[in-house]
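When you read off a place in the sequence shown, starting at 1, and then add 9, the result is the number in the numbering used here.
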Amino acid sequence: METDPSQQRNGFVGTLYGEFTDTLNDRLRYSVSLKESSLTIQRISSSPGRTKVVFNLSDCVGCRAYRGPDSADVGAYFTAYFYPFKRRWMSAGVARQRVEQCFRVALVQDPLVNLQEAERWAHAIRDAAGLQAPRRDGVTYMEVRRPRRVMILVNPHSGRGQALQLFTAHIESMLTEAAVPYSLIITEHQNHARELVRKADLSQWDALVIMSGDGLLFEVINGLMEREDWQEAIQTPLGILPGGSGNALAASVHHYSQSPPAWNEELLLSCGFMLCKGLVGSLDLVSIHLSSQQRLFSFLSLAWGFVADVDIESEKYRHVGAIRFLMGTLVRLYSLKVYQGKLAYLPVKETPKPQKGTITASHPPSTPQHPSLCSSLPCQLIPTSPNQNHHRNHSTTNSNPNTITTTSVITTKGTETQGDAKTKTLVDSLLPGLDQPVPESWTVVKEEDFVLVLAIYQSHLAEDLWTAPGAMADDGFIHLFYVTAGISRPALLRLFLAMEKGSHLACGCPHLVYKKVKALRLEPISPQGVISVDGEMVEYGPVQAQIHPGLARLIYG
């Protein structure tokens, strides 16, 4: 292996060059060149026009070196694993697909020397790939440390009951390729994950990953926020692997990576790839207060009316997978209901557009500027055990410090808390008591007859519903949609069909209203109905919510 020491950036040394043989045919030789951002492979032959393949290291999840199974073989091997975008076999478009590149190293007759050479290449490829993780312009990331220790929670009953099989078939090998140590925990009952993370010693883990629908992540987030050390606990990076029916956050994470649309196993592969790359960004959470004084934390949505009805009523069709929502929609359209209630919200103040000639920073469309993660509630993860795959729980008193409060202390980092260091609570300073009128700065909707009210804070409501096209994981907004009474069944159906491509806001429907808000209050008047939070049914009655920008951490590209 030749090294060009004249270049050194971010710990990577110039260009590496070597010549190796094919793993199955010693007569086939390849020249391999490793540069800062690419791995170039070219077959060595006497004929002109030699085939050359270039792999982008941002698509590489790992590389390993090893001896062959034959003890008489003096050669060693190294294999690099890539997941580039390639054309689909049976349909249009591209998706990430696995590509493996393997080479035999036989420089000398000493097997140990050959293995050391293979390990040098594997190490160099891993380091270079780590520096080339795909990043979006305008977003500042932090990275989950390597080697990562990941707790993966799987709900075996989510979706069509195939989450565990999907993990084994698609994710298990990918984590092995990326050398990510993990412990797999199968949830056994409702709120099992909530109870587990509430008591877990989080210093043992670098990330918590959910393989399920959106409901299991709802449990995990609320379990973290119920801890006495919630301020540190909620900084634990969270990952999502789609294994349910809706998979809204997984679809949103994939969308934020600016990748082409993907569904089913392709979406799972995309989220697994992002997990292996380990880039972490901010995630907004919404604090929700119910009339019973219960407080919940939400990462996805608050719904009342048509959307909540479909979500909850379609549970009976869970065995058919994502198509359950289509079936639920058709059933609910047939018996379309109108709900009476009062809606109010705190609108986002629009930033004045700069005058012509004003110089501003350039950012891609719909991509907000992000503060450095290192300067805003940094992730504190300190390993205390060398055992990477052993899970230990240390009990923590569960007194749920996040009770409703009316006064606040604003910390220097912008997070509003109250109390001493051990009992600080997160304060919703924008929300009055539910028994108090909303402030004059709020907007009260005149209409009181609604077909649906939906507050969403991610881009997707399901894999195939691009509900809030301009939303980002940490844009600091609640995207409020409501549809007033009078809309026809065909018009409502057209809205949801247009939502598959994110074009529903351009339909010109007079009954659809969209607003960006910071807080909202909903007071149902109809005696019966359904309210859902992140797809989970909650108690029916008055509810109000406030967004907390960047409160949590999410693994996404």
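Cβ coordinates follow ideal geometry from the N, Cα and C atoms, glycine included.
query: The alpha helix (DSSP H) with Thr338 in it runs from where to where?; result: 332 to 343
query: Less than 8 Å between the C-beta atoms of Ser300 and Pro551, yes or no?; result: yes
query: Who are the near neighbours of Phe315 in its chain, counting only those whose CB is closer than 7 Å to its CB and skipping five residues on each side?; result: Arg341, Val460, Leu461
query: So does Leu205 have its beta carbon nearer than 7 Å to some heavy atom of the ligand GDP?; result: Annotation note on the ligand GDP: not contained in the displayed structure, which lists no ligands.
query: Is it buried or exposed for Thr493, if we count other Cβ within 10 angstroms and need 16 for buried?; result: buried
query: Are three or more beta carbon pairs between the region 303 to 321 and the region 527 to 544 nearer than 8 Å?; result: yes
query: If you draw a straight line from the alpha carbon of Ala561 to that of Gln467, how long is it in whole angstroms?; result: 14 Å
query: Between Val347 and the rest of its own chain, which residues show a CB-CB distance below 8 Å, the 5 nearest in sequence each way excluded?; result: Asp458, Phe459, Val460, Ala494
query: Take Gly168 as the anchor and find which of Pro78, Ser40, Arg333, Glu241 has the nearest alpha-carbon.; result: Arg333
query: Look up Phe94 in the DSSP assignment and say whether it is helix, strand or coil.; result: strand
query: Here's a check: name, in chain order, each residue in its chain whose Cβ is nearer than 8 Å to the Cβ of Ala9, leaving out the five neighbours to either side.; result: The displayed coordinates of the chain run from 10 to 566. Any statement about residue 9 would go beyond what the structure contains.
query: Quick check: the Cα distance between Val159 and Pro190, rounded to an integer number of angstroms?; result: 6 Å
query: Looking only at its chain, what residues have a beta carbon closer than 7 Å to the beta carbon of His263, apart from the 5 residues adjacent to it on each side?; result: Ala271, Leu276, Ser279, Cys280
query: Under a three-way DSSP split, which group does Arg530 fall into?; result: strand
query: Where does the unbroken alpha helix (DSSP H) through Ile487 begin, and where does it stop?; result: Note, Ile487: premise wrong, no alpha helix (DSSP H); beta strand (DSSP E) at 487 to 493.
query: Who are the Cβ neighbours of Ile413 in its own chain at under 7 Å, not counting the five residues just before and after it?; result: Bear in mind that a pLDDT of 36 at Ile413, under 50, signals an unreliable position, so the number given afterwards is only what the model happens to contain. Cβ within range, chain order: His298, Gln302, Arg304.
query: Please classify Leu37: does DSSP put it in a helix, a strand, or coil?; result: coil
query: Within this structure, are the beta carbons of Ala89 and Leu48 separated by less than 8 Å?; result: yes
query: Is the Cβ-Cβ distance between Met183 and Val70 less than 8 Å?; result: yes
query: My output table needs one value for Val206: the three-state DSSP class, helix, strand or coil.; result: helix
query: Work out the CA separation of Ser512 and Pro499 for me, nearest whole Å.; result: 16 Å
query: For Phe227, name the three-state secondary structure that DSSP assigns.; result: helix
query: According to DSSP, is Phe308 part of a helix, a strand, or is it coil?; result: coil
query: With DSSP collapsed to three states, give me the class of Asn123.; result: helix
query: In the DSSP assignment, the beta strand (DSSP E) including Phe459 goes from what residue to what residue?; result: 458 to 465
query: Leaving out five residues on either side along the sequence, give the residues of the same chain with a beta carbon under 6 Å from the beta carbon of Pro120.; result: Val83
query: Note down, in chain order, each residue of its chain lying with its Cβ closer than 6 Å to the Cβ of Pro246, except the 5 sequence neighbours on either side.; result: Val153, Ala216, Val289, Arg562, Ile564
query: Roughly how many angstroms lie between the CA atoms of Thr571 and Gly224, to the nearest whole one?; result: What is shown of the chain runs 10 to 566, which leaves residue 571 out entirely.
query: For the beta strand (DSSP E) containing Thr32, name the first residue and the last one.; result: Looking at the DSSP string, Thr32 is not in any beta strand (DSSP E), and its letter there is neither H nor E.
query: Considering only C-alpha positions, which residue in the set Val206, Leu311, Leu521, Met283 is nearest to Val295?; result: Leu311
query: With a threshold of 16 other CB atoms inside 10 Å of the CB of Ala81, please say whether the residue is buried or exposed.; result: exposed
query: In angstroms, rounded to a whole number, what distance separates the CA positions of Tyr26 and Gly559?; result: 43 Å
query: For Gly102, does the count of other Cβ atoms within 10 angstroms reach 16, so buried, or fall short, so exposed?; result: exposed
query: In the DSSP assignment, the beta strand (DSSP E) including Ile1 goes from what residue to what residue?; result: Here the chain has residues from 10 to 566 only, and residue 1 is not among them.
query: Roughly how many angstroms lie between the CA atoms of Phe112 and Ala257, to the nearest whole one?; result: 40 Å
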